[in-house]
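Numbering (mature numbering (1 follows the signal peptide of the UniProt record, and there is no 0)), first residue to last: -29 to -1, 1 to 562.
From the three backbone atoms N, C-alpha and C, an ideal C-beta is built for every residue, glycine too.
All of these numbers come straight from a predicted model, not from anything done at the bench.
This is the structure:
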């Protein structure tokens, strides 16, 4: 294309220009190579410092260890982030390929957010009312694929390493206690039970011993005996003592120093910390007050839709009376855990058959359904998703909570299943793992997209034969309301000074969620500030982009293509998603 301008140019000038083009090409190649080298180095650093995640994705170099977790390790992260940032600053962004320009922007955002989080001492919050380093570790026996003697030996080494890992996390917790970074008392009640559950009298009753109960038949009796003996020794000498030490620290030191009032406002520099969390989880510049007002407007809108659905159910009474009826009538609740699991399984299988109507490209990885482990079920929400292994050695799993069955209404299970399994978390995360995106995007991503997509997925049931009776449709609206209420309650607690009871009352007045679920959710928001904001913010943006595409493309709009484009870039922040989809709309319009 360039040569059309050179008809009357001298040979010398052409030679000089060609030289500059070659030099420019080399510069472009150099910057792309420098950026790819940086991505490779940062990913290597991540795997080394997150060995269980490395195992998860099929990198087995660190199968015998757990993550470094000391105060010094956390504080050193700032130096690492600064070094990566310096290397980023040394790259000419304009010289990068179009794909790498997006990668550069996303990677830089991640580094800057991580640095900001470290400045706010986020690492001092190494427990919340649902999780801690110990509960993360308890997932290990079911998370690993154990086939060979080496696999079992590596697992035993991780059992041995747990005492070191526990000591380092306890060091961080002591620092949190010292500096006043503890959670609210009411929200942490019962947390010690999740520790105590693993202080067993019989070693063979430990969840950590479970992989040794049915060793592979191809292992000799001698090898099996040796592995079991080593496992028992590792659990007795390292794991159980570590849980005992943590239990003592939590009950004797942490619990007595818990916060009497909920919210980030009561932590050192808490207001600024929460503003950071809002930016981090929404990927916007919205203030907490703006998020709060958006939540109030969404609550008002959804209440109107709820009123309409109640009238369709021909219920005679007020909305509050209808909600009371749904909360208390036994016809809406499962009688046994098996009934609940079978119910959600049928919903998931029904949606499997509808997926080709919504997507042109589907993931290869399958998913299954499991019950939430008993040791965490009482303090855990209604369900969650655990991703599979990219190498195909483990499926994704939709975990359904079968505790407190009188708080698990069946009319909400369609929305819940579409959110956690397909077309929600499993489909989106499995597709992301099958892309050729850089590893930090392939295996990571932004909560605002991940949870926004899952909430949007609940609504896709309206287009695929779900919510056929007013009760299940009310359940869908109740779940949408649940996410709208989060915008109000999370900001209310952490920025506006709401009490725990005020938050519980507001949710009870405006949703059909059971009181058990409401209390568990409020305690979750109190001990996990900002995370709950991502769902509705992300979902509203996806709905807005779809409406924009439908309006601009008219007859050219294809829902399957829209969804494929939305998902193929991984879990990106809102600003990047908007640019991506606007470019897609323009391309489709001009096609």
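Quick one, which of the options has its alpha-carbon nearest residue i's?
i	options	result
residue 446	412, 388 and 415	388
residue 358	386, 401 and 316	401
residue 128	86, 208 and 418	208
residue 236	497, 139, 342 and 526	497
residue 346	458, 116 and 108	108
residue 205	135, 543, 221 and 223	135
residue 422	501, 226, 490 and 160	501
residue 110	181, 548 and 67	181
residue 512	489, 543 and 64	543
residue 284	443, 71 and 328	443
residue 203	299, 40, 184 and 254	184
residue 491	348, 27, 84 and 425	348
residue 163	195, 478, 230 and 223	223
residue 7	351, 356, 64 and 551	64
residue 338	319, 286, 26 and 25	319
residue 80	262, 255 and 27	255
residue 290	227, 479, 428 and 197	479
residue 161	192, 226 and 142	226
Leaving out the 5 sequence neighbours to the left and right, which residues in its chain are closer than 7 Å to residue i when beta-carbon positions are compared?
i	result
residue -5	With a pLDDT of only 48 at residue -5, under 50, the local geometry of the prediction cannot be trusted, and the value read off the model is given with reservation. Excluding positions up to five away in sequence, the list is empty.
residue 335	405
residue 474	460, 463, 464 and 493
residue 487	375 and 378
residue 305	311, 314, 376, 379 and 381
residue 408	541
residue 455	266, 269, 270, 273 and 507
residue 528	520 and 521
residue 499	99
residue 187	118
residue 166	105, 214, 217, 218 and 221
In the DSSP assignment, find the beta strand (DSSP E) that holds residue i and state where it starts and stops.
i	result
residue 449	Segment 441 to 465 is the alpha helix (DSSP H) holding residue 449; no beta strand (DSSP E) there.
residue 354	354 to 357
residue 342	338 to 342
residue 420	First-last for residue 420: 418 to 431, but that is the alpha helix (DSSP H), not the beta strand (DSSP E).
residue 371	367 to 371
Given residue i, which residues of its chain have a CB within under 6 Å of its CB, disregarding the five upstream and five downstream residues?
i	result
residue 557	none
residue 210	130, 133 and 179
residue 74	409
residue 308	373
residue 5	62
residue 579	Any property of residue 579 remains undetermined from this structure, which presents the chain solely from -29 to 562.
residue 437	385
residue 279	none
residue 151	239
Got a sec, what are the start and stop residues for the alpha helix (DSSP H) residue i sits in?
i	result
residue 241	241 to 253
residue 162	162 to 167
residue 104	104 to 109
residue 399	396 to 404
residue 376	Counting along the chain, residue 376 falls outside any alpha helix (DSSP H), and DSSP gives it neither H nor E.
residue 136	120 to 150
residue 299	290 to 299
residue 263	259 to 283
residue 99	That residue, residue 99, is in no alpha helix (DSSP H); it is neither H nor E in DSSP.
residue 312	308 to 323
residue 238	Residue 238 -> no alpha helix (DSSP H), and no H or E assigned at all.
residue 539	Here residue 539 belongs to no alpha helix (DSSP H), and DSSP marks it neither H nor E.
residue 116	No alpha helix (DSSP H) contains residue 116, which DSSP labels as neither H nor E.
residue 75	69 to 90
residue 53	42 to 60
residue 27	22 to 27
residue 386	384 to 391
residue 411	410 to 413
Can you list, in chain order, the residues of its chain whose CB lies under 8 Å from that of residue i, leaving out five sequence neighbours each side?
i	result
residue 232	155 and 470
residue 116	122, 360, 364 and 365
residue 329	394, 431, 434, 435, 530, 531 and 534
residue 240	91
If you pair each beta-carbon of the segment 479 to 499 with each one of the segment 290 to 297, do three or more pairs fall below 8 Å?
-> yes
Report yes or no: do the segment 140 to 152 and the segment 83 to 98 share at least 3 C-beta pairs separated by less than 8 Å?
-> yes
Touching or not, the segment 466 to 473 and the segment 501 to 517, by the rule of three or more beta carbon pairs under 8 Å?
-> no
Cβ contact (3+ pairs, closer than 8 Å) linking the segment 332 to 351 and the segment 413 to 431 | no
What are the complete alpha helix (DSSP H) segments, minimum 4 residues, inside the segment 154 to 225?
-> 156 to 159, 162 to 167, 192 to 205 and 211 to 220
Report yes or no: do three or more beta-carbon pairs, one from the segment 118 to 128 and one from the segment 18 to 36, lie closer than 8 Å?
-> yes
Flag this pair as touching only if the segment 74 to 94 and the segment 239 to 248 have three or more C-beta atom pairs under 8 Å; answer yes or no.
-> yes
Contiguous alpha helix (DSSP H) assignments of at least 4 residues, all confined to the segment 469 to 532 | 471 to 481, 486 to 498 and 505 to 524
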